[in-house]
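Line by line, the protein sequences are chains F and P. Just so it is clear: in the first sequence, position 128 is 116 by my numbering, and no numbers are missing. Just so it is clear: in the second sequence, position 485 is 1513 by my numbering, and no numbers are missing. The beta carbon of each residue, even a glycine, is placed where N, CA and C say it ideally should be. Remarks on the structure that follows.
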Amino acid sequence: MLVLDQLRFAYRGDPDPFGFSLQSAPGEITAIAGPSGAGKSTLLDLVAGFLQPQSGTVTLDGQDLTPLPPEARPVAILFQAGNLFEHLTAGNNLALALPRKTPDRLASIARALAEVGLTGFAARRADALSGGQQQRVALARTLLLDRPILLLDEPFTALDAETAAAMRALVRTTIVTRRWHALLVSHQEADLTIADRRYVMKNRRLFPAPAA
Amino acid sequence: MPLPANSRRLWPGALVAFAIAGLIAALLALIWSARGLGTAGPHPPDIAHLLRMTALQAGLTTGLSLVAGIVLAWALNRLRFAGRRTLVALLSASLVTPGIVVAIGVLAVWGRAGWINAGLAPFGLSTGPVFGLGGILYAHLLLDATYAAAVLLPRLDTLPATRLRLGRSLGLAPLRRFALIDWPALRPALPGLAAVIFLLAFTSFPIVLILGGGPANQTLEVAIYAAVRRDFDLGAAVALALVQLAACALLVLPTALFAPAAIATSAGRTAFWPEPRPFAALAIVLLALALFAFGLPLAAVLSALPAIAGLFGQPAFWQATVTSLAVATPSAFVTLVFAYLVASARTAAGSRLLKGLIAAPASAYLAVPGVTLALGFFLLARDLSIPVSTAAPLVLVLANTLLALPFALSILTPGLAALDRRHARTIAGLRLSVARRLWAIEAPALAREIGLVLAMGFCFSLGDLSVIALFGTEDFQTLPWLMNRAMGAYRSNDAAALAALLLLLSVAAFLALPPLAERAARARA
C-alpha cells in the first residue's frame, strides 16, 4: 500500500501550507485533478523526493520513504516534457533505465519501443523525433525502469487522441498486471477515465472526488 | 521576428567600429613600412625558437587551464557553503587580475626566498627554481584556469531544474551524470574558451617577462619589448611584430568562428543535486587544493600590503598612483561608451554580414596584441615627432580600451540582444529616442553588465604593463611600471607592496562596481 499520511508542505514565505493524505492499493491508478497552481505538481515532487515535507510521511508497504533522496526512492516519473536527453538516440535513452550488465539489453529496448508503437526507432536521435514520439519513448523508459511507484504528470498531452488512448491502455495494463501504484495528474478528462480513484485539489487540500 | 535595422542605433556604433579598424590599419601600415629598418642590435632574434616557445607555452596553458577549469567548475557546482558567492565572484575577477601581480605572487610563494622554501629550509629542502616554463605555466593557470571556471560554472549552475530532476529520477551515477548532463552543457563553450585562452597565453607579456628566466623561455611579446627597450633595435622589434601579427591573424580566423566566452554577470538561485558522499568528498578535496594553489600566491601578495606605508614618502609612488587612476578612469568610461555603441549597432544590424563587420574591429586585440599595438603607437609618435611622454596618456587610454573591448562586448551584447528580442516591438511602438531607450530601458535592465564593463575597462588599464612597457619614462609612470622598475632594482619589498595595492584596487573595482551600478539603477527606477 502507498500511503501519504498528512503530508504538509509550504514554500518559503508562504504562510498557508499544502496538505495531502491519500492511499493507493497495488494495481491502482489514482488521479489528481485541480486547477493550475493548486498544488498537483507539488504533491508529485513530495512523493518523488524533490521536496521535503515539513511534516507527515510517504510510506510504501510500511517502509518510510520520506528520508530517502529522490535517487533512492522506488519511483519512476514521466514529466509533461523534457524527459529525454536530446543528444542521445532513443535506444540509448531507454538504456539508461537498465543496469549496465543487463542481459539482452537490445532485446529489452526493442520490446519496450514496440510496446509504445515505435518499432525500429532505437537508432533515431531524440531531437529528431516529434514531440509525441519523444513522449512515447519517455513512457517506454519509465515503464522499463520497473519501479513500483509511477508518477505521471500530464503524460499524454503531447499525443493525438488515438495514440493517447493506446498509451493510456498500456499504462493501465502495466499497472494492473505489475501491481504497481500510479499517481496521475492531468487536466484531460479522457486521462482520468483510467483511474481507480480520483482526488481533487481544492484550497490546498486533497479531497476524494466521486468516480466518473 | 527581428525588426528592420534601426539606423539611429546602427550608425554611431558602425562609425566607432570603422574608426577602430582605420586606426589599427594605420598602425599596421606603420609597422609594415618600418620593416626596412633592418636588424642592427647585438642579439638578432631567433624567430623560429620564439614561435615554438610561444606556441608551446600557449598550447600547454590552454590544455591545462581547460582541464583545471572544468574540475574547479565541477567541484564548485557540487558544493554549497557560506562564502560560495564571493568565491565565484573572485573567480570572475581573474580576468582583470594584472599578470604582473600574479607573477609577484608566484615568486612570493615559490621563489627562492618565498614562503614554501622558507618553510622547507630548516629541513634542508627546496622546491627548485620557479623561473622557466613551469613558473610561466603555473602563473598562467592561476589566471586562465580560474577564468575558464568562471565561464564554465554558470553553465552548470544554470542547468534546467527539469534536467536535474530527470537525472535524479533515473538515479544516474556521478560519472554518468557528468557525461549525460554536465558535459553537453560544457562542450559548446570549450572551443571558444580554448581559443581565447590560447590567444591570451600566446600574447602574454608580464608573466613571461618576470618568470621566463632568460632567452630560452622568451616569447614574441617579450622579445619585441626587449628589442625596443633593451637593445634599442627597432628593426628587430618590427620584424618580430610582423611575425606576431601573422601568427595571431592565423589564430584569429578560426577563433572568429566561435562565440565569445562570457563570464557570469550574476549568480541567481540555482537548482542543486548533491553528489553521493565519496564524490562530495572528492569535490571538497579538489576545491581545497585549488584554493591552496590559486589562493596562496594572492594571499602572499596581499600580505605585503602593510609595506605600502614605506612608499608614502616617495614622490614617484604618488605620481604613479595619480597617473594610474587618471588613465584607468577615462579608460573605463571610453570602454563603456565604445562597447555600448558597438553592441547596439551589432544588435540593430539586419544582416549577419553587417553584424560581423561591426564586431570584427572591436575584437582586433586578438590579432594585434598589447605590445605590438604599443609598438605601432610608438612608431606613430616618432613619425609625428610627438614626445613619448606627451603621447603616453592618450595611447594608454586608447590601447587599453581596445584590449578590454572584446570582453566588454561579450558581456553587453547578449543582454542587449535579449532586450531587443523581448521588447523591440514595444520600444518601436513607443517611438523612444536612442538616448531615452538607453536611459529608461537598457541602463536599468543591464546595470550589472554596465558596472562589469566599467570595472573591466578600469582594471585592464590599471594593470597594464604591455603598453606602458614601451611608453613609460621618468616623467610618466604608472603603478605596474613602477613595480617593474622596483623588481629590476631588486627592491622586492616595494614591488610586493605595489602588487598588493594593484590587486586590492582591481578586485575592489571588480567586486564593487557591478552592485553599485545595480543599486544606482534601482534607486532611479
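request  = Check whether the region 51 to 59 of chain F touches the region 110 to 120 of chain F, counting contact only when three or more Cβ pairs, one atom from each stretch, lie closer than 8 Å.
outcome  = In short, these stretches do not touch, since the Cβ pair count stays below three.
query = Using DSSP with H/G/I as helix, E/B as strand and the rest coil, what is Y(-1) of chain F?
reply = Taking the first residue of the first sequence as position 1, residue -1 of chain F is located at position 11. In this structure, Y(-1) of chain F counts as coil in the three-state DSSP scheme.
request  = With D141 of chain F as the anchor, note down where its beta strand (DSSP E) starts and where it stops.
outcome  = On the first sequence, residue 141 of chain F is found 153 positions in, with the first residue counted as 1. From DSSP, the beta strand (DSSP E) with D141 of chain F extends over 137 to 141.
inquiry  = If contacts are defined as beta-carbon pairs under 8 Å, then L(-10) of chain F and I137 of chain F qualify, I think. What distance do you get, rounded to the angstrom?
reply    = The residue given as residue -10 of chain F occupies position 2 in the first sequence. The residue given as residue 137 of chain F occupies position 149 in the first sequence. Indeed they touch by this definition, with Cβ atoms about 6 Å apart.
ask   = Residues bridged to G7 of chain F by DSSP?
value = As a first step, residue 7 of chain F must be located in the first sequence, where it is residue number 19. The beta-bridge partner set that DSSP reports for G7 of chain F consists of F:R(-4), F:R193.
key: Backbone CA spacing between A1033 of chain P and S1379 of chain P [nearest angstrom]   = The count along the second sequence starts at 1 and reaches residue 1033 of chain P at position 5. The count along the second sequence starts at 1 and reaches residue 1379 of chain P at position 351. Confidence in A1033 of chain P is poor, its pLDDT being 44 and thus under 50, which makes the residue's placement too unreliable to answer from.
Cβ-based burial, P91 of chain F [other Cβ within 10 Å; buried from 16] = Here residue 91 of chain F refers to the residue found at position 103 when the first sequence is read from its first residue. Looking at its Cβ environment, which holds fewer than 16 other Cβ atoms inside 10 Å, P91 of chain F is exposed.
inquiry  = Under 8 Å, Cβ to Cβ, is there at least one residue of chain P near I65 of chain F?
reply    = Residue numbering aside, residue 65 of chain F sits at position 77 when the first sequence is read from its first letter. So yes, I65 of chain F belongs to the interface.
query = Using a C-beta to C-beta distance shorter than 9 Å, which residues of chain P count as neighbours of H75 of chain F?
reply = Translated into the one-based positions of the first sequence, residue 75 of chain F becomes position 87. What H75 of chain F touches in chain P: L1208, P1212.
task = Can you tell me which of P:L1221, P:L1407, P:L1310 puts its alpha carbon nearest to the alpha carbon of A1269 of chain P?
result = Numbered from 1 along the second sequence, position 241 holds the residue referred to as residue 1269 of chain P. Looking from the CA of A1269 of chain P, the closest CA among P:L1221, P:L1407, P:L1310 belongs to P:L1407.
request  = For T1114 of chain P, name the three-state secondary structure that DSSP assigns.
outcome  = Here residue 1114 of chain P is taken as the residue at index 86 of the second sequence, counted from 1. In the displayed model, T1114 of chain P falls within a helix according to three-state DSSP.
inquiry  = Could you check whether the Cβ of L1194 of chain P sits closer than 8 Å to any Cβ belonging to chain F?
reply    = The residue labelled residue 1194 of chain P in the question sits at position 166 within the second sequence. The beta carbon of L1194 of chain P sits closer than 8 Å to some beta carbon of chain F.
task = Report yes or no: is there a C-beta of chain F within less than 8 Å of the C-beta of A1295 of chain P?
result = Working through the second sequence from its first residue, we reach residue 1295 of chain P at position 267. In this predicted model, A1295 of chain P has a pLDDT of only 49, less than 50, meaning its place in the structure is not dependable enough to derive any value.
request  = Look at L1498 of chain P and I1469 of chain P and say whether their C-beta atoms are less than 8 Å apart.
outcome  = Counting from 1 along the second sequence, the entry for residue 1498 of chain P is found at position 470. Counting from 1 along the second sequence, the entry for residue 1469 of chain P is found at position 441. Not closer than 8 Å, so no.
Reduced DSSP category for L117 of chain F - H, G, I as helix; E, B as strand; rest coil = Mapped onto the first sequence, residue 117 of chain F falls at position 129. Three-state result, L117 of chain F: coil.
Terminal residues of the alpha helix (DSSP H) in which V35 of chain F lies = What you label residue 35 of chain F is simply residue 47 of the first sequence in a count that begins at 1. 28 to 36 is the extent of the alpha helix (DSSP H) around V35 of chain F.
message = On the CB-based measure, 16 or more other CB atoms within 10 Å of its CB, does R1113 of chain P come out buried or exposed?
response = For this step, residue 1113 of chain P is matched to residue 85 along the second sequence. So R1113 of chain P counts as exposed.
task = Mark T1090 of chain P as exposed unless 16 or more other C-beta atoms lie within 10 angstroms of its C-beta, in which case mark it buried.
result = One-based indexing of the second sequence puts residue 1090 of chain P at position 62. The Cβ neighbour count for T1090 of chain P, taken over all protein chains shown within 10 Å, is at least 16; the residue is labelled buried.
task = In angstroms with no decimal places, state the Cα-to-Cα distance between S1352 of chain P and L1507 of chain P.
result = Taking the second sequence and counting its residues from 1, one reaches residue 1352 of chain P at position 324. Taking the second sequence and counting its residues from 1, one reaches residue 1507 of chain P at position 479. Cα atoms of S1352 of chain P and L1507 of chain P: separation of roughly 6 Å, rounded to the nearest angstrom.
query = For P1247 of chain P versus V1236 of chain P, is the C-beta spacing smaller than 8 Å?
reply = Residue 1247 of chain P sits at position 219 when you count from the first residue of the second sequence. Residue 1236 of chain P sits at position 208 when you count from the first residue of the second sequence. It should be noted that the sequence gives Thr, not Pro, for residue 1247 of chain P. A contact, by the Cβ cut-off of 8 Å.
inquiry  = To the nearest angstrom, how far is the alpha carbon of F67 of chain F from that of R124 of chain F?
reply    = For this step, residue 67 of chain F is matched to residue 79 along the first sequence. For this step, residue 124 of chain F is matched to residue 136 along the first sequence. Answer to the nearest angstrom: the Cα atoms are 12 Å apart.
Residue from P:S1494, P:A1083, P:F1366 whose Cα sits closest to the Cα of T1429 of chain P = As a working mapping, residue 1429 of chain P is identified with position 401 in the second sequence. Out of P:S1494, P:A1083, P:F1366, P:F1366 has the C-alpha closest to the C-alpha of T1429 of chain P.
message = Just checking: is the beta-carbon of E59 of chain F within a distance shorter than 8 Å of some beta-carbon in chain P?
response = The residue you call residue 59 of chain F lines up with position 71 of the first sequence. By the rule that beta-carbons nearer than 8 Å mark a contact, E59 of chain F touches chain P.
query = What separation, rounded to the nearest whole angstrom, lies between the Cα atoms of V46 of chain F and W1301 of chain P?
reply = Stepping through the first sequence from its first residue, residue 46 of chain F is reached at position 58. Stepping through the second sequence from its first residue, residue 1301 of chain P is reached at position 273. The alpha-carbon atoms of V46 of chain F and W1301 of chain P are separated by roughly 21 Å.
inquiry  = Using CA atoms only, rank isn't needed, just tell me which of F:Q42, F:D4, F:F38, F:V63 is closest to A235 of chain F.
reply    = The question about residue 235 of chain F has no answer, for chain F in this structure spans -11 to 200.
task = Below 7 Å CB to CB, which residues in the same chain sit around Y1368 of chain P once its five sequence neighbours on both sides are set aside?
result = Sequence index remark: in the second sequence, residue 1368 of chain P carries index 340 (1-based). Close CB contacts of Y1368 of chain P within its chain, under the 7 Å cut and outside five residues either way in sequence, are with L1440 (chain order).
H1168 of chain P, DSSP secondary structure in three states = Taking the second sequence and counting its residues from 1, the one referred to as residue 1168 of chain P is at position 140. H1168 of chain P: helix per DSSP, three-state reduction.
task = Taking 8 Å as the cut-off, decide whether the C-beta atoms of A1483 of chain P and F1435 of chain P are in contact.
result = Taking the second sequence and counting its residues from 1, the one referred to as residue 1483 of chain P is at position 455. Taking the second sequence and counting its residues from 1, the one referred to as residue 1435 of chain P is at position 407. It is not a contact, given that the beta carbons lie outside the stated cut-off.
task = Name, please, each residue of chain P whose Cβ falls closer than 7 Å to the Cβ of A36 of chain F.
result = If you number the first sequence from 1, residue 36 of chain F lands on position 48. Contact note: A36 of chain F reaches chain P through S1197, using a C-beta cutoff of 7 Å and chain order.
message = Taking CB distances under 8 Å as the criterion, tell me whether T1190 of chain P reaches chain F.
response = Numbered from 1 along the second sequence, position 162 holds the residue referred to as residue 1190 of chain P. The Cβ of T1190 of chain P sits closer than 8 Å to at least one Cβ of chain F.
task = Could you tell me the distance, in whole angstroms, from the CA atom of T1349 of chain P to the CA atom of F1488 of chain P?
result = Reading the second sequence from its first residue, position 321 is the one you call residue 1349 of chain P. Reading the second sequence from its first residue, position 460 is the one you call residue 1488 of chain P. Near 15 Å, if we compare the C-alpha coordinates of F1488 of chain P and T1349 of chain P.
ask   = Is the distance from the Cβ of R167 of chain F to the Cβ of P23 of chain F below 8 Å?
value = On the first sequence, position 179 is the one that residue 167 of chain F refers to. On the first sequence, position 35 is the one that residue 23 of chain F refers to. No, Cβ-Cβ distance for R167 of chain F and P23 of chain F is not below 8 Å.
task = If I'm right that I1496 of chain P touches L1424 of chain P with Cβ under 8 Å, what's the distance once you round it to whole angstroms?
result = Sequence index remark: in the second sequence, residue 1496 of chain P carries index 468 (1-based). Sequence index remark: in the second sequence, residue 1424 of chain P carries index 396 (1-based). The pair is a contact, with the Cβ atoms about 7 Å apart (cut-off 8 Å).
key: Cβ-based burial, W1102 of chain P [other Cβ within 10 Å; buried from 16]   = By one-based count along the second sequence, residue 1102 of chain P stands at place 74. Counting other Cβ atoms within 10 Å of its Cβ, W1102 of chain P reaches 16 or more and is therefore classed as buried.
ask   = Grouping DSSP H, G and I as helix and E and B as strand, with all else coil, what is S1294 of chain P?
value = Here residue 1294 of chain P refers to the residue found at position 266 when the second sequence is read from its first residue. Bear in mind that the predicted position of S1294 of chain P carries a pLDDT of just 49, short of 50, making it too unreliable to give a figure here.
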